[in-house]
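Just so we're on the same page, our numbering is the position in the sequence shown counted from 1, plus 10.
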Amino acid sequence: MHCPREHCQENKYLLCLVHMFIPTTKEELASLGWDRADVVLITGDSYIDHPNIGVSVIGHVLMDAGYRVGIIAQPDIDSEKDIGRLGQPVLFWGVTGGSIDSMVANYTAAGKRRKSDDYTPGGMNDRRPDRALIIYANLIRRFFKDTSPIVLGGIEASLRRIAHYDYWSNSIRRSVLFDAKADILVYGMGERAVLELAEGLKEKRDVKSIKGICHIAREKPAQCVELPSFEVVARDPQVFAGMFRRFYENSNSPDAPCLCQLQDTRYLVQNQPQPELTPRELDRVYEMDFERDQHPVYEAQGRVTALETIRFSITTHRGCFGQCNFCSIAPHQGRSVVSRSEESIVREAGRLTRHRAFRGTIADVGGPTANMYGMACEHQRACTQKRCLFPAACGHLQVDHGAQIRLLKRLRQLPGVKRVFVASGIRHDLVMADTKNGQRYMQELVAHHVSGQMKIAPEHTEDRVLSAMGKPGSECLVAFKNLFYRLNAASGKKQFLTYYLIAAHPGCTLEDMKRLKDFASTELKTNPEQVQIFTPLPSTVSGVMYCTGTDPFTGRPLFVEKDRAARQQQKDIVVAKKPAGTRGGRR
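Laid out in structure tokens, this is it:
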């Protein structure tokens with residue numbers, strides 16, 4: 011299995027494809043002829059070997075480059091039995107909270123402990139600790155003194171890499187790099203940074219200049235944009251809002267400067283971002299031979315619900331240019347969309363048909379937003395403040411669903427494929443903005459790719475609230491609804507739209523929710539069921555709005571409902587059933 015890196019110089023990131031689980035035990039390491047691992051990965055999820063699982067991707071990319079990798083999932087935090095299972099790694103520990111920020115995974119917006127966890131065997135939420143990055147880093151330090159470097163990564167690390175508002179403690183917290191007492195934090199989609207880090211540590215070089223990482227320094231680096239200190243932003247909400255604005259505007263482009271922030275007596279340093287993977291590199295990552303299953307060691311503990319959702323899904327692209335203010339995709343995956351080639355996706359689908367558990371259905375073909383596949387804008391990296399879809403689709407954006415139409419046709423024609431669904435949400439405003447192929451795209455979806463319901467996320471219907479969300483107005487929502495049901499009737503289908511809505515977002519009042527309810531009843535002819543109470547996520551625009559009561563870009567004050575009972579009331583108004591005899595329904 012071990013593939014020496016010097017055997018291939020064409021692409022230093024991706025070499026011989028590996029078809030196997032990442033080792034989880036000493037016995038598995040020994041079966042490969044390894045006495046110890048170069049890198050040990052710790053995750054707050056069960057170990058699911060799938061390209062939708064970040065820790066699995068990082069593990070395979072490292073092994074593909076010739077490194078010996080082990081993985082420990084959901085370790086017992088009260089003993090050495092799990093964390094010590096593979097011994098100390100030669101190069102570094104890689105620590106992630108999992109596919110979801112651990113506080114989001116463990117608590118509802120109302121602060122109640124969640125009973126279930128889709129990424130834990132058996133489904134019970136009893137294995138993922140609060141603030142998992144901090145707990146796991148401390149666990150390593152407890153049982154391995156003077157250990158190899160501890161490297162944080164994943165979405166929890168990305169969202170908490172700078173001074174940030176933490177909803178669960180209602181406070182501004184330091185970078186998680188300081189609180190975890192770790193050595194390095196990799197932010198964003200980390201393949202490039204992790205491989206450069208592994209190479210640097212192997213060659214015993216200074217790794218603190220690598221792009222895409224954060225580290226701690228005693229002195230402020232030269233040519234670095236300094237943000238207001240943690241001490242200042244923690245006591246002054248408006249300074250915090252200004253700090254966030256500078257952070258947000260300088261965190262996505264490869265041309266962004268190095269940022270630093272004094273936290274206590276030392277500096278957090280955020281190096282320039284890594285460039286996104288090219289489409290060819292992205293193809294190679296997703297074409298690795300993942301098992302698309304839970305590792306047998308963890309399978310014995312029970313099934314994970316998430317696997318049934320993602321097992322036969324295909325990721326077509328990364329990133330999202332929608333930039334919704336409440337969403338964590340932009341600070342983690344980025345605001346630019348990078349799409350895989352059509353040929354790569356078709357090859358992956360062909361391999362799915364040979365999987366032992368495949369029964370003919372590709373459950374999802376998409377990404378953060380399914381219908382952004384194949385769309386791009388050559389000016390996007392230069393637009394630090396302008397948005398692609400707000401208040402409407404930008405004229406520079408190449409809005410054309412033609413590429414996805416061609417892809418979906420090819421996928422459903424593959425031998426062994428019976429059905430291909432697009433289960434990822436779509437942007438209905440993007441469909442309506444496509445005068446060339448928007449309606450044809452919807453015809454294809456309605457006829458072939460909807461599994462009973464199509465998910466869209468208008469989030470609200472009041473323009474003032476939508477503006478605070480960074481979402482376009484509601485004028486095209488009814489037009490889209492009418493188009494969807496007209497195409498269903500023409501196709502002889504009985505499918506329906508599911509509307510995802512948010513209650514208690516900054517700027518939203520009880521009266522706004524009453525008007526949303528009226529709009530849903532009279533215009534959408536439905537009684538909404540998919541309504542979530544807004545959760546302020548770290549390092550998101552809406553999270554800063556919730557904390558400060560202002561828009562960080564305009565300084566405009568916003569009403570923010572913080573009383574939990576009143577927040578629940580906003581949701582209850584919308585989901586309340588209509589009295590018997592009231593008009594309305596799915597259509």
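In this text, a Cβ means the ideal position worked out from N, Cα and C, and glycines have one as well.
- Under the Cβ criterion (8 Å, minimum of three pairs), the stretch 580–587 counts as touching the stretch 519–527.
- Across the set Ile543, Lys419, Ala478, Gln343, the C-alpha of Ala478 shows the shortest separation from the C-alpha of Gly565.
- As the crow flies, the alpha-carbon of Asp293 is around 15 Å from that of Met199.
- The three-state secondary structure of Ile194, taken from DSSP, is strand.
- The DSSP assignment places 64–74 as complete runs of the alpha helix (DSSP H) inside the stretch 46–80, in order along the chain (cut-off: 4 residues).
- Counting only the Cα atoms, Asp439 lies some 14 Å from Gln333.
- In summary, His305 is buried, with 16 or more beta-carbon neighbours lying within 10 Å of its beta-carbon over all protein chains present.
- Burial state of Ser552 is buried, judged by a 10 Å Cβ sphere holding 16 or more other Cβ atoms.
- Residue pairing by DSSP leaves Cys330 without any beta bridge partner.
- Partner residues in the beta bridge of Gln463, as assigned by DSSP, are Phe506.
- The alpha-carbon separation between Ser181 and Val279 amounts to approximately 22 Å.
- Counting only runs of 4 or more residues that sit fully inside the stretch 233–316, the alpha helix (DSSP H) segments are 240–245, 247–259, 289–296, 306–309, in chain order.
- Excluding the 5 residues flanking it on each side, Lys218 has same chain C-beta neighbours closer than 6 Å at His225, in chain order.
- Taking a 10 Å sphere around the C-beta of Ser338, we find 16 or more other C-beta atoms and assign the residue as buried.
- Contact between the stretch 411–431 and the stretch 468–487 is absent: fewer than three C-beta pairs spanning the two stretches fall below 8 Å.
- Looking at the backbone, the Cα of Ala251 and that of Glu358 are separated by about 44 Å.
- A contact between stretches requires three or more CB pairs, one per stretch, nearer than 8 Å, and the stretch 148–160 meets this requirement with the stretch 94–105.
- Counted as a single uninterrupted DSSP element, the alpha helix (DSSP H) harbouring His438 occupies residues 438–443.
- Cβ atoms of Val584 and Ala467 stay farther apart than 8 Å, at about 14 Å.
- Between Gln505 and Val570, the CB-CB gap reaches or exceeds 8 Å.
- Less than 8 Å divides the Cβ of Pro548 from the Cβ of Arg170.
- C-alpha of Gly360 to C-alpha of Lys481: approximately 37 Å in a straight line.
- In the assembly as shown, Phe490 is a buried residue. Its beta-carbon has 16 or more other beta-carbons within 10 Å.
- In chain order, Leu362, Phe368, Thr371, Ile372, Ala373 place their CB closer than 7 Å to the CB of Phe322, counting only its own chain and leaving out the 5 sequence neighbours on each side.
- DSSP, read as helix, strand or coil, puts Cys337 in coil.
- Positions of the alpha helix (DSSP H) runs, each at least 4 residues long and wholly inside the stretch 93–143, are given as 112–116 in order along the chain.
- Taking Ala192 as the centre and dropping the five residues before and after it, the same chain places the C-beta of Ala147, Ile160, Leu162 closer than 6 Å to its C-beta, in chain order.
- The stretch 398–410 makes contact with the stretch 434–452: 3 or more CB pairs, one atom from each, lie closer than 8 Å.
- Taking C-beta separations shorter than 6 Å and ignoring five residues to either side along the sequence, the partners of Ile52 in its chain run Ile82, Val105, Tyr146, following chain order.
- Note on geometry: alpha-carbon atoms of Asn335 and Phe563 lie some 11 Å from one another.
- Two segments are said to touch when three or more pairs of C-beta atoms, one from each, lie closer than 8 Å; by this definition the stretch 44–61 touches the stretch 107–124.
- Leaving aside the five residues that flank Ser261 on each side, the residues in its chain whose CB is nearer than 8 Å to its CB run, in chain order, Leu269, Gln280, Pro283, Pro341.
- Contiguous alpha helix (DSSP H) elements confined to the stretch 351–402 occur at 352–362, taking only those with 4 or more residues.
- Among the bridge pairs identified by DSSP, Thr536 is matched with none.
- Inclusion of Tyr451 and His515 in the CB contact set at 8 Å is not warranted, their separation being larger than that value.
- At a Cβ-Cβ threshold of 8 Å, Val186 and Leu143 count as neighbours.
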